[in-house]
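The number in the numbering used here is simply the position in the sequence shown, starting from 1, with 54 added. Glycine residues also receive a C-beta, built at the ideal position from the N, C-alpha and C atoms. Here is the structure we will look at, set down as structure tokens.
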Amino acid sequence: MVLSSLTFVSMPTGDSTAFDRIINGDPIAITFFIGYMAMFASSVFFFFERGSVDPKWKISLLVSGLITGIAAVHYYYMRDFYLATGNSPTAFRYVDWTLTVPLMCVEFYLLTKPFGAKGGTLFKLIVASFAMLIFGFIGETSGIDNNIMWGVLSTLGYLYIVYEVFAGDIAKLARNSNSSSLGRAMFLLKIFITLGWSIYPIGYMVLPGNLLSGTFNVSSIDLFYNLADAINKIGFGLVIYSVAVAETAKAKSIA
Ligand SMILES: *C/C=C(C)/C=C/C=C(C)/C=C/C1=C(C)CCCC1(C)C
């Protein structure tokens, strides 16, 4: 009896032990599982709804669907990796972010492009997000002594993006646009960038040696990241969608 349950534990993923952990009480496994389904469903939604919005908005919805689609694939692998090893799937996580964060910058750019956004602004945002992610990855893998320093460097990249949205090019374009729907989208975008994105550095601070390591167990890092991904990838996609629907209705009523 003991022996057979032991062999169960050491079996690879896909076995009933893994499923049992998803359903019964491993909160991290559950959030990987729900995250995967939610990202997948969101992509289907954004891709289908592309057909019902004004042509101007089709690319934005396509990008939203790509962001959640790329995340869905990564969540599939992250869930399996976590179930098989019990470790945080750091490398998969950063590959996911390296693809999806620049695409989120593309979303900000697409929102302001009708009002004159330049490619150079997009380029600056993407460079800042790469810096943020490269320093963050080094910090997560560099161990107990240096992760605060790398976290601070990463935060500089993050703050630059916040600056662009609040006071830099993106903010200026939005202010001069006189579009109420862009104004609303910008308001929500600022909330996502400041509150939604700030969940990531808070999660990072549970790493050993960092500021919250006494308060949270290190494994809770994936709870923070999974929650933040759901809010920022799906939530922000839905904001773009609602602006697209409102603008489409307006365009129809003028026509
Ligand atoms: C869809 C994924 C998104 C929007 C990921 C965003 C990630 C961040 C804003 C990460 C930020 C970090 C810091 C500001 C400092 C510590 C290291 C990071 C990479 C967790």
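Take residue i and list the residues in its own chain whose beta-carbon comes closer than 7 Å to its own, dropping the five residues that flank it on each side.
{"i": "Met240", "result": "Ala228"}
{"i": "Pro262", "result": "Ile198, Val272"}
{"i": "Trp151", "result": "Leu187"}
{"i": "Ile245", "result": "none"}
{"i": "Val107", "result": "Leu115, Ala298, Val299, Thr302"}
{"i": "Ala225", "result": "Val219"}
{"i": "Ile92", "result": "Checking the displayed sequence, the identity of residue 92 turns out to be Ala instead of Ile. Result list for Ala92: Ala284, Ile288, in chain order."}
{"i": "Val56", "result": "At Val56, the pLDDT of 40 sits below 50, so the modelled position is not reliable; the number obtained from the coordinates is stated separately. There are no such residues."}
{"i": "Thr139", "result": "none"}
{"i": "Ile84", "result": "Ile76"}
Near residue i, what residues of its chain come up, given a Cβ to Cβ distance below 6 Å and the 5 sequence neighbours on each side ignored?
{"i": "Lys287", "result": "Ile121, Thr122, Ala125"}
{"i": "Ser235", "result": "Val297, Ala300, Glu301"}
{"i": "Tyr214", "result": "Ala182"}
{"i": "Phe270", "result": "Val260"}
{"i": "Gly211", "result": "Ala182, Ala185, Met186"}
{"i": "Trp111", "result": "Ala298"}
{"i": "Ser64", "result": "Confidence is the limiting factor: at Ser64 the pLDDT is only 45, short of 50, which leaves the residue's position unreliable and the question unanswerable from this model."}
{"i": "Ala72", "result": "Leu137"}
{"i": "Phe290", "result": "Phe246"}
{"i": "Ala171", "result": "Tyr163, Leu227"}
Quick test of your reading: residue i and residue j, contact by CB under 8 Å. State the CB separation rounded to the nearest angstrom.
{"i": "Tyr295", "j": "Glu103", "result": "6 Å"}
{"i": "Leu179", "j": "Ser114", "result": "Actually they do not touch by this definition, with Cβ atoms about 16 Å apart."}
{"i": "Ala282", "j": "Tyr254", "result": "5 Å"}
{"i": "Val117", "j": "Val155", "result": "Not a contact, Cβ separation roughly 12 Å."}
{"i": "Tyr129", "j": "Gly89", "result": "5 Å"}
{"i": "Gly222", "j": "Ser208", "result": "Not confirmed; about 19 Å, so no contact."}
{"i": "Phe162", "j": "Leu243", "result": "7 Å"}
{"i": "Phe86", "j": "Met132", "result": "6 Å"}
{"i": "Ile82", "j": "Leu277", "result": "6 Å"}
{"i": "Leu119", "j": "Phe101", "result": "With the sequence shown as reference, residue 119 is identified as Gly, and Leu is not the correct amino acid for it. Indeed, because the Cβ distance is near 4 Å, the residues count as touching under 8 Å."}
{"i": "Ser70", "j": "Phe169", "result": "At roughly 55 Å, the Cβ-Cβ gap does not stay under 8 Å, so Ser70 and Phe169 are not in contact."}
{"i": "Asn264", "j": "Ile202", "result": "6 Å"}
Skipping 5 residues on each side, what residues in its chain have a beta carbon closer than 8 Å to that of residue i?
{"i": "Leu266", "result": "Ile256, Met259, Val260"}
{"i": "Ser59", "result": "For Ser59, the pLDDT reaches just 41, beneath the cut-off of 50, and the residue's location in the model is therefore unreliable, although a value from the coordinates is still provided. There are no such residues."}
{"i": "Ile275", "result": "Ser142, Gly257, Tyr258, Val260, Leu261"}
(request) Determine contact between the segment 177–196 and the segment 133–150, defined as no fewer than three beta-carbon pairs at a distance below 8 Å. (result) Contact between the segment 177–196 and the segment 133–150 is present, because at least three Cβ pairs lie under 8 Å.
(message) Check whether the segment 245–252 and the segment 93–111 are in contact - that is, three or more C-beta pairs closer than 8 Å.
(response) By the Cβ rule, the segment 245–252 does not count as touching the segment 93–111, because fewer than three pairs are nearer than 8 Å.
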